[in-house]
Each structure stands twice: as C-alpha cells, then as structure tokens.
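Chemist:
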Amino acid sequence: MIQLLFTLLGGEALVVFALLVRSPLRKLAIMGLDRAKRGRGPVIVQTVTVTILIVLSSSVFSMVKIMNRSADPEGGGVATPTDQVLMSRHLLESTLMATSLVDSNKKQRMSASVSL
Numbered sequence: 000m001i002q003l004l005f006t007l008l009g010g011e012a013l014v015v016f017a018l019l020v021r022s023p024l025r026k027l028a029i030m031g032l033d034r035a036k037r038g039r040g041p042v043i044v045q046t047v048t049v050t051i052l053i054v055l056s057s058s059v060f061s062m063v064k065i066m067n068r069s070a071d072p073e074g075g076g077v078a079t080p081t082d083q084v085l086m087s088r089h090l091l092e093s094t095l096m097a098t099s100l101v102d103s104n105k106k107q108r109m110s111a112s113v114s115l
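Going by numbering that gives the first Met the number 0, the first residue of the sequence shown is number 0, and it counts up by one from there.
Set out below in structure tokens:
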C-alpha cells in the first residue's frame, strides 16, 4: 500500500507542477481535470476520498492502540520492537494518506482558479 501511496503522491505533485508552470502540459492538465469534473467524476472522487479517510482513521486508531499498549505500566512501559515497526509503518501510511488528501484539495482549488 505504501508504494501505491507514493505513486499517487508523485502523480499529484506532477499535476500540481503542470498547473503551476506555463506550458502546453498545463492546458492538457486543465482539460483533463475539467473532463474529470463532468459526469460521474465528482461522485467517484468523493467515494475515493471517503475511503481514504476511513483507512486513515483506522491507521490513526491503530497507532493510538500501540501507544496505549506501550504506555501501560503493567507491560513495563516499553514498546517492543514489533510495536515500533508497526507504529512506524502506520505513521508512514497515515502521513502519505493525509498528504494525498491535502494535495488533491489544493489541486482542485488550483484548477478552479486557473484559466486557459
């Protein structure tokens, strides 16, 4: 899943860069975003956004459970190496998902304000 999120984030960065720089690629990006906003595009985007939010909340909930487990005085108050690996993985996934959601929101606002 992490590779997919890195690919998604890289694609979003390319689209944002294409919108920022005046080039023929900018017109192509604007046309693509305009076509995506027609028909079923907004419904699909909202569905994907809600799905990413649900997975993000699940990852954050798992991190809270790991933190509470390591803070438990009966368990010695020390995180096990497995907990540390799981925590870092959940942290990376949640950071990538949150960044992806913020970037897609910025991209949507930029495409609305950019004119051909």
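Ideal Cβ placement from N, Cα and C applies to all residues, glycine included. Note that the structure is predicted; figures quoted are calculated from it, not measured.
If you draw a straight line from the alpha carbon of L115 to that of M66, how long is it in whole angstroms?
Modeler: If you number the sequence shown from 1, residue 115 lands on position 116. If you number the sequence shown from 1, residue 66 lands on position 67. Its pLDDT being 49, under 50, L115 is placed unreliably by the model, and the measurement read from it follows with that caveat. When rounded, the distance between both Cα atoms is 50 Å.
Chemist: Is I51 near M0, with beta carbons less than 7 Å apart?
Modeler: Locating residue 51 in the sequence shown gives position 52, where the first residue counts as 1. Locating residue 0 in the sequence shown gives position 1, where the first residue counts as 1. The answer is no: Cβ separation not under 7 Å.
Chemist: Please work out which residues of its chain come closer than 8 Å, Cβ to Cβ, to M86, disregarding the five sequence neighbours upstream and downstream, and give them in chain order.
Modeler: Position 87 of the sequence shown holds residue 86. These residues qualify, in order along the chain: M62, I65, M66 and A78.
Chemist: Just to confirm before moving on: does the CB-CB distance between A35 and A28 stay below 7 Å?
Modeler: On the sequence shown, residue 35 is found 36 positions in, with the first residue counted as 1. On the sequence shown, residue 28 is found 29 positions in, with the first residue counted as 1. In this structure, A28 does not lie closer than 7 Å to A35 by Cβ.
Chemist: Under a three-way DSSP split, which group does D33 fall into?
Modeler: Working through the sequence shown from its first residue, we reach residue 33 at position 34. Helix.
Chemist: Could you pull out every residue in the same chain whose Cβ sits closer than 8 Å to the Cβ of L100, ignoring the five residues on either side in sequence?
Modeler: In the sequence shown, counting from the first residue as 1, residue 100 sits at position 101. If we look at L100 and ignore the five residues flanking it on each side, its Cβ neighbours are T48, I51, L52 and L55.
Chemist: Tell whether a beta-carbon distance below 7 Å holds between S93 and S57.
Modeler: Translated into the one-based positions of the sequence shown, residue 93 becomes position 94. Translated into the one-based positions of the sequence shown, residue 57 becomes position 58. Contact flag unset, no.
Chemist: Taking D82 as the reference, which of S69, R37 and T98 has the closest Cα?
Modeler: Mapped onto the sequence shown, residue 82 falls at position 83. The candidate whose alpha carbon is nearest that of D82 is S69.
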